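Trainee:
Chains as they are written, first to last, in the working numbering: chain X, 117 to 441; chain U, 121 to 513.
Structure representation (structure tokens):
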């Protein structure tokens, strides 16, 4: 198995998806010959031709509108939005169209063959318009699936599953890890399940839950806590919508405590939804209030990024506070 | 890869502005209102069979609209939208296409569905949101659609269908199909960002799509002079580098001719076309609207004398393809059929409670199932409060 980075894993998944079906199309701003600003679509135009991998004009609402029509027609539409911060012009096409296509047509039509890829999250000195984590906006929209991988192996398997899933999927890629995260990834085709969280480390005292780039943060904090004799169960949510209530509940019923770490601002973030559901599912098992370690309720800062974001130290402190409640 | 700085005009040394209204756009008109054709006019491909089918569709359209507004006034129906005075745009457009072509409607193109063969029962079941509705009673009346007829289900969100049509047509092109997509929208919707997005992408990606703008003068109460400046919607097509034509939208032969040519061009060249059909929304925006608050009877009367259905009838009479006896019988037959269909559709049950959670995803999630189960328990506890579903599951 080769050691590759997260970008290569994405590229490999796209390559497999395009090879298996000549109706699979990749497009977006700078996606064609250039291979995307992060190079996720590198080499695909050369391999599959300009008709199947191409640049679009600079218009996000058009990219997703086009993608909706293409997917409704039966093609496999893989649209790239260059940064998740720029997905909002397409909000109407995603929230009112893609998410409701099957429902409102009575399943006469659907856009299940749509996948939207977009880099999200901070840690790259990107300031407020190249760092956002907007997953909660989309988690509030029935009809969408929202998926976020934590490493190259997960990225390839989850992206292939997203492309083949018969529902519109927004696939948020942790751009801080594009080149930083390297791991063993099979060259061949494989899929990882959507809607399933993964317990990446078992423990007994507290459940730490995160997704995407926050996973390495909570893993590091878990290591620190273990030096203090605290046993952490570390869980990757992987799919934000629809999310795996069962796996999280089972873990919390065992540990009695839950900490959720997210990059997005605190108020009405997805951590809040998890906290509400888990307190309802696991009320009599909880030993302490559910902790949320999140960004502040401000735009994402530039110079003060380190202070803003949920890091291993903030998570470590929250673990101790929760365990000693 | 290369780029070209676009400039095909002369270089000048004095500032030379181009006036925003300087593009002169001709308007195609083939039929006089009295049914005679203009001398030298280029007629569409049409014979008695096609003409009769078109005319019968127009008549059915008029009857359905009249009857359904009456039903709404009687309180039998929650909402309705007529296409009074602009029926030729949707019917003539559909008649200029092939059955495999996709039709994407805004919400005033029921004529296209009728032409394709959407049955009276289909219309009624949708209008009454009953269990037989293809859309499963989820959208307000007039949001029709049919996969079998290649008519994309209507969405209330304005102009979203425009870039979707571009994408749909791209898929048709990618497969090498002999098929185009036609996309209807109003002049008001053309102010939305999706209009710009859809037309620009269609021009750049070179897709076989026909953008069909019904310029009917009003977006609810807003007249077109408060909607845009410049020479209508057609001038924008020129700006996007799209082949464009303006037609008299109340002239069925002009609509048919333009659509036939547009389709042939779109298929052969794999490029988009923009048709701007000039018409007038003689009816209210919807049954929730009253135009007397924003326009005069005199203005409406002027357009009543431009009735597209009467214009076609006059032509049919002159061709000896139609007579008054047929006319009377046809309208009577349609009125009876619609009335009978209303009585059937309004008695059909509402959709089953289980359809609350279907089609959100391909398969309902465990969470959705749990939420539905909770509702069912509640409905059983208070059956009198939920008469559509109580006792039916």
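Just so you know, even glycine gets a beta-carbon here, dropped at the ideal spot from N, CA and C.
For clarity, every value in this text was computed on a predicted model and none was experimentally measured.
1. Mark residue 412 (chain U) as exposed unless 16 or more other C-beta atoms lie within 10 angstroms of its C-beta, in which case mark it buried.
2. Is there a Cβ of chain X sitting closer than 8 angstroms to that of residue 285 (chain U), yes or no?
3. May I have a chain-ordered list of the beta strand (DSSP E) segments no shorter than 3 residues that lie completely inside the stretch 304–366 of chain X?
4. Quick check on residue 258 (chain X) - is its C-beta less than 8 angstroms from some C-beta in chain U?
5. Excluding sequence positions up to five away, which residues of its chain have a Cβ less than 8 angstroms from the Cβ of residue 227 (chain U)?
6. Can you grab the Cα-Cα spacing for the pair residue 496 (chain U) / residue 195 (chain U), in whole Å?
7. List the residues of chain U that residue 184 (chain X) touches, going by C-beta distances under 7 angstroms, in chain order.
8. If you draw a straight line from the C-alpha of residue 483 (chain X) to the C-alpha of residue 309 (chain X), how long is it?
9. Taking a contact to mean a Cβ-Cβ separation below 8 angstroms, would you say residue 229 (chain X) touches residue 192 (chain X) in this structure?
10. Can you name the residues of chain U whose CB is closer than 7 angstroms to the CB of residue 282 (chain X)?
11. Mapping DSSP to helix, strand and coil, what is residue 283 (chain X)?
12. Would you kindly report the start and end of the unbroken alpha helix (DSSP H) that includes residue 385 (chain U)?
13. Assign residue 151 (chain U) to one of three DSSP states: helix, strand, or coil.
14. Residues in the stretch 209–243 of chain X with C-beta within 7 angstroms of chain U's C-beta atoms, listed in sequence order?
15. DSSP three-state label for residue 266 (chain U), please.
16. Determine the burial state of residue 413 (chain X): buried for a count of at least 16 other Cβ atoms within 10 Å of its Cβ, exposed for fewer.
17. Where do the ends of the beta strand (DSSP E) carrying residue 220 (chain X) lie?
18. What residue range does the alpha helix (DSSP H) around residue 494 (chain U) cover?
19. Which residue comes first and which comes last in the beta strand (DSSP E) that contains residue 288 (chain U)?
20. Name the chain X residues whose beta carbon is nearer than 9 angstroms to that of residue 272 (chain U)?
21. Can you have a look at residue 121 (chain U) and say buried or exposed, based on whether 16 or more other CB atoms are within 10 angstroms of its CB?
22. Thinking C-beta only, is residue 301 (chain X) closer than 8 angstroms to residue 269 (chain X)?
23. Which same chain residues end up closer than 7 angstroms to residue 147 (chain U) when comparing Cβ atoms and leaving out the 5 residues on each side of it in sequence?
24. For residue 233 (chain U) versus residue 403 (chain U), is the C-beta distance shorter than 8 angstroms?
25. Does the stretch 408–426 of chain U come close enough to the stretch 377–396 of chain U that 3 or more CB-CB pairs lie under 8 angstroms?
26. Tell me whether residue 340 (chain U) is buried or exposed, calling it buried when 16 or more other Cβ atoms sit within 10 Å of its Cβ.
27. Can residue 198 (chain X) and residue 145 (chain X) be called in contact, C-beta distance under 8 angstroms?
28. Quick one: is residue 304 (chain U) near chain X, going by C-beta distance under 8 angstroms?
29. What residue ranges within the stretch 205–252 of chain X form continuous beta strand (DSSP E) runs of no fewer than 3 residues, ordered along the chain?
30. Return helix, strand or coil for residue 274 (chain U), following the three-state DSSP convention.
31. With a cut-off of 8 angstroms, does the C-beta of residue 141 (chain X) fall near any C-beta of chain U?
32. Taking the continuous beta strand (DSSP E) assigned at residue 298 (chain X), which residues delimit it?
33. Residue 439 (chain U): buried (16+ other C-beta within 10 angstroms of its C-beta) or exposed?
34. Once the 5 residues before and after residue 427 (chain X) are set aside, which same chain residues still bring their CB inside 8 angstroms of it?
Mentor: Quick answer:
1. Within the second chain, numbered from 1, the residue matching residue 412 (chain U) stands at position 292. Classification of residue 412 (chain U): exposed, given that the 10 Å Cβ count is below 16.
2. Here the question's residue 285 (chain U) lines up with position 165 in the second chain. Cβ-Cβ to chain X under 8 angstroms: yes for residue 285 (chain U).
3. Considered as a whole, the stretch 304–366 of chain X harbours 314–317, 322–326, 348–352 and 355–357 as its complete beta strand (DSSP E) runs of no fewer than 3 residues, in chain order.
4. As a working note, residue 258 (chain X) is residue 142 in the first chain. By this cut-off, residue 258 (chain X) is an interface position.
5. Taking the first residue of the second chain as 1, we reach residue 227 (chain U) at position 107. Beyond the five residues adjoining it in sequence on each side, residue 227 (chain U) comes within less than 8 angstroms, by CB distance, of 201, 262, 263, 274 and 276 in the same chain, given in chain order.
6. Your numbering for residue 496 (chain U) matches position 376 in the second chain. Your numbering for residue 195 (chain U) matches position 75 in the second chain. Roughly 29 angstroms separates the two Cα atoms.
7. By 1-based counting over the first chain, the position of residue 184 (chain X) is 68. Those are 284 and 287, listed as they occur along chain U.
8. What is shown of chain X runs 117 to 441, which leaves residue 483 (chain X) out entirely.
9. Your numbering for residue 229 (chain X) matches position 113 in the first chain. Your numbering for residue 192 (chain X) matches position 76 in the first chain. Their beta carbons are under 8 angstroms apart, which means residue 229 (chain X) touches residue 192 (chain X) by this criterion.
10. The residue you call residue 282 (chain X) lines up with position 166 of the first chain. Per Cβ cutoff of 7 angstroms: 482.
11. Along the first chain, read from residue 1 onward, the residue named residue 283 (chain X) stands at position 167. Judged by DSSP in its simplified three-state form, residue 283 (chain X) adopts coil rather than helix or strand.
12. Indexing the second chain from 1 puts residue 385 (chain U) at position 265. Secondary structure note for residue 385 (chain U): its alpha helix (DSSP H) is the uninterrupted segment 372–389.
13. The residue given as residue 151 (chain U) occupies position 31 in the second chain. Annotated three-state conformation of residue 151 (chain U) is strand, per DSSP.
14. Among the residues of the stretch 209–243 of chain X, those with a Cβ less than 7 angstroms away from any Cβ of chain U are 209, 212, 213, 218, 219, 220, 221, 222, 223, 224, 225 and 228, in the order of the chain.
15. Stepping through the second chain from its first residue, residue 266 (chain U) is reached at position 146. Strand.
16. The residue you call residue 413 (chain X) lines up with position 297 of the first chain. By the neighbour-count rule (16 or more Cβ atoms within 10 Å), residue 413 (chain X) is not buried but exposed.
17. By one-based count along the first chain, residue 220 (chain X) stands at place 104. Run containing residue 220 (chain X): none in the beta strand (DSSP E); it sits in the alpha helix (DSSP H), 217–220.
18. Reading the second chain from its first residue, position 374 is the one you call residue 494 (chain U). Segment 486–501, the alpha helix (DSSP H) holding residue 494 (chain U).
19. Here the question's residue 288 (chain U) lines up with position 168 in the second chain. It is not in any beta strand (DSSP E) - residue 288 (chain U) instead sits in the alpha helix (DSSP H) that spans 281–294.
20. Mapped onto the second chain, residue 272 (chain U) falls at position 152. Within chain X, the residues near residue 272 (chain U) are 185, 188, 221, 224 and 225.
21. As a first step, residue 121 (chain U) is located in the second chain; it is residue number 1 there, counting from the start. Residue placement at residue 121 (chain U) cannot be trusted, given a pLDDT of 48 that sits under 50; the coordinates are not used to answer.
22. As a first step, residue 269 (chain X) is located in the first chain; it is residue number 153 there, counting from the start. As a first step, residue 301 (chain X) is located in the first chain; it is residue number 185 there, counting from the start. It is a contact, given that the beta carbons lie within the stated cut-off.
23. Counted from its first residue, the second chain places residue 147 (chain U) at position 27. Around residue 147 (chain U): 366, 367, 368 and 398.
24. Residue mapping note: residue 233 (chain U) aligns to position 113 of the second chain, counting from 1. Residue mapping note: residue 403 (chain U) aligns to position 283 of the second chain, counting from 1. For residue 233 (chain U) and residue 403 (chain U), no; Cβs fall outside 8 angstroms.
25. Result no; under three Cβ-Cβ pairs closer than 8 angstroms.
26. For the purposes of this step, residue 340 (chain U) is taken as the residue at position 220 of the second chain. Residue 340 (chain U) is exposed by the Cβ-count criterion.
27. Mapped onto the first chain, residue 198 (chain X) falls at position 82. Mapped onto the first chain, residue 145 (chain X) falls at position 29. Yes, these two residues count as a Cβ contact at 8 angstroms.
28. Numbered from its first residue, the second chain carries residue 304 (chain U) at position 184. Taking 8 angstroms as the threshold, the shortest C-beta distance from residue 304 (chain U) to chain X does not fall below it.
29. Counting whole runs of 3 or more residues, the stretch 205–252 of chain X contains the beta strand (DSSP E) stretches 230–236.
30. Within the second chain, numbered from 1, the residue matching residue 274 (chain U) stands at position 154. Three-state result, residue 274 (chain U): coil.
31. Residue numbering aside, residue 141 (chain X) sits at position 25 when the first chain is read from its first letter. Chain U contact via Cβ: present.
32. To locate residue 298 (chain X), count along the first chain from 1; it is residue 182. DSSP places residue 298 (chain X) inside the beta strand (DSSP E), whose first and last residues are 298–301.
33. Numbered from its first residue, the second chain carries residue 439 (chain U) at position 319. Around the beta carbon of residue 439 (chain U), fewer than 16 other beta carbons lie within 10 angstroms, which makes this residue exposed.
34. Along the first chain, one-based indexing puts residue 427 (chain X) at 311. For residue 427 (chain X), same chain residues with a beta-carbon under 8 angstroms away, outside a window of 5 residues either side, are 333 in chain order.
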